[in-house]
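Contents: one structure, followed by commentary.
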Amino acid sequence: MKAYLTRRYMFSASHRLHSDEMSPEENVATYGKCNNPYGHGHNYALEVTVSGQVDQSTGMVCNLADLDGFVHQHVVERFHLRNLNTLSEFQQAVPTTEALCQVLYDILQRGFRAAHLEKIRIEETMMNSFEYSGREERIR
Amino acid sequence: MVYLTRKAEFAASHYYHNPAFSAEENQRIFGKCNNPNGHGHNYTLEVTVKGEVDPRSGFVVDLKQLKEILNREVLDAMDHRFLNKEVPEFSTRIPTTENLAIAIWQRLAPKLKAAQLHRVRVYETPDLFVDFYGEA
Chain A
1 MKAYLTRRYM FSASHRLHSD EMSPEENVAT YGKCNNPYGH GHNYALEVTV
51 SGQVDQSTGM VCNLADLDGF VHQHVVERFH LRNLNTLSEF QQAVPTTEAL
101 CQVLYDILQR GFRAAHLEKI RIEETMMNSF EYSGREERIR
Chain B
1 MVYLTRKAEF AASHYYHNPA FSAEENQRIF GKCNNPNGHG HNYTLEVTVK
51 GEVDPRSGFV VDLKQLKEIL NREVLDAMDH RFLNKEVPEF STRIPTTENL
101 AIAIWQRLAP KLKAAQLHRV RVYETPDLFV DFYGEA
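Protein chains in written order, with my numbering: chain A, 1 to 140; chain B, 1 to 136.
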């Protein structure tokens, strides 16, 4: 039987929203306080949802130790207590949480093999969150 | 179609062990969860049902009835129990969060009349939950 397993991780990072393609005025109009040149930070919560048949010999969709190990190595250790603007992924792209969703989804999609990646969800603050499943259609 | 979610909490203990595996395999796959004395969690259960709104009552389902079904079928059987030893499903299945969501679905689905079961979500901790939609 198919089940969906979701695990939640925390990391903190700083960023500045600024596009080189916009004038200074346009940047301020678009990004407001987030355009502050010194940046600011968030405590991000990342939820990773994987799916698959429940293996009856283990009762699991995938071993949580494998998922935790992957996310710690490839996400938490790379993004926690970092300035997102300094990372290779954000040299061309503005580090909005939309863009962060796509970056983290791609990391998991490319590297995590133990179960099917269903979607990820990132809370930037308690008041806003973003979901990405690599697809056009609505996430359930 | 409207979706309605009811929440419930229960506390239970469990451990993970497959008698078909060697002691070493059990330890390697299940780690600390393999301790035969068990350990416990405060589980949160979210049951989502769906249906059309009854024009007379304005309800998808009578919440009081849904609560009674949850209490009888799930909480009475699982709250403050050792899942491996006291809940029949887990004499043959390992009481992981995945199997718990499936077992709760199988207990509830036949008992719900007015509304259709849509999703069972079981939180083992605030950082880990499983969704089951009745899919094969």
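We treat Cβ as the ideally placed atom computed from N, Cα and C, and that holds for glycine.
Since the structure is predicted, the reported quantities are computational estimates derived from the model, not experimental observations.
Asked, Found
"Residue interval of the alpha helix (DSSP H) (run including T125(B))", "Here T125(B) belongs to no alpha helix (DSSP H); instead the beta strand (DSSP E) covers Q116 to T125."
"Chain A contacts made by the segment 64-94 of chain B, where a contact means CB separation under 7 Å", "R93 and I94"
"Residues that R7(A) contacts on chain B, provided the C-beta gap is smaller than 8 Å", "D127 and L128"
"Span of the alpha helix (DSSP H) around G69(A)", "L64 to V71"
"Within chain B, the residues that A114(A) reaches when beta carbons sit closer than 8 Å", "The contacting residues do not exist; A114(A) stays about 13 Å from chain B at best."
"Paired residues, beta bridge with T44(B) - DSSP", "E9(B) and Y123(B)"
"Exposure of L81(A), with buried meaning 16 or more beta-carbon neighbours within 10 Å", "exposed"
"Residue-chain proximity (H12(B), chain A), Cβ-Cβ < 8 Å", "At residue 12(B) the sequence reads Ala, which differs from the His that was named. No, its Cβ sits nowhere closer than 8 Å to a Cβ of chain A."
"Which of helix, strand or coil DSSP assigns to M22(A)", "coil"
"Chain B within 8 Å of I59(A), Cβ atoms only", "According to the sequence shown, residue 59(A) is Gly rather than Ile. Judged by the 8 Å Cβ criterion, G59(A) is in contact with chain B."
"Sequence-distant residues of its chain with Cβ nearer than 7 Å to R93(B) (five each side left out)", "N99"
"CA nearest to the CA of D68(A), picked from S88(A), E89(A) and L46(A)", "L46(A)"
"Any chain B beta carbon closer than 8 Å to K33(A)", "no"
"Residue span of the alpha helix (DSSP H) that contains Y105(A), given as start and end", "T97 to G111"
"Cβ of M127(A) within 8 Å of any chain B Cβ", "no"
"Pair within 8 Å by beta-carbon distance, A12(B) and L83(B)", "yes"
"The segment 123-130 of chain B / the segment 84-95 of chain A touching (three or more Cβ pairs under 8 Å)", "no"
"Cutoff 8 Å: G40(B) Cβ touching any chain A Cβ", "no"
"Within-8 Å CB hit, E46(B) to chain A", "no"
"CB-CB length for G59(A) against T96(B), believed under 8 Å", "4 Å"
"Terminal residues of the beta strand (DSSP E) in which K119(A) lies", "H116 to T125"
"Cβ of G31(B) within 8 Å of any chain A Cβ", "yes"
"Any beta strand (DSSP E) of 3 or more consecutive residues that is wholly inside the segment 10-75 of chain B", "39-51"
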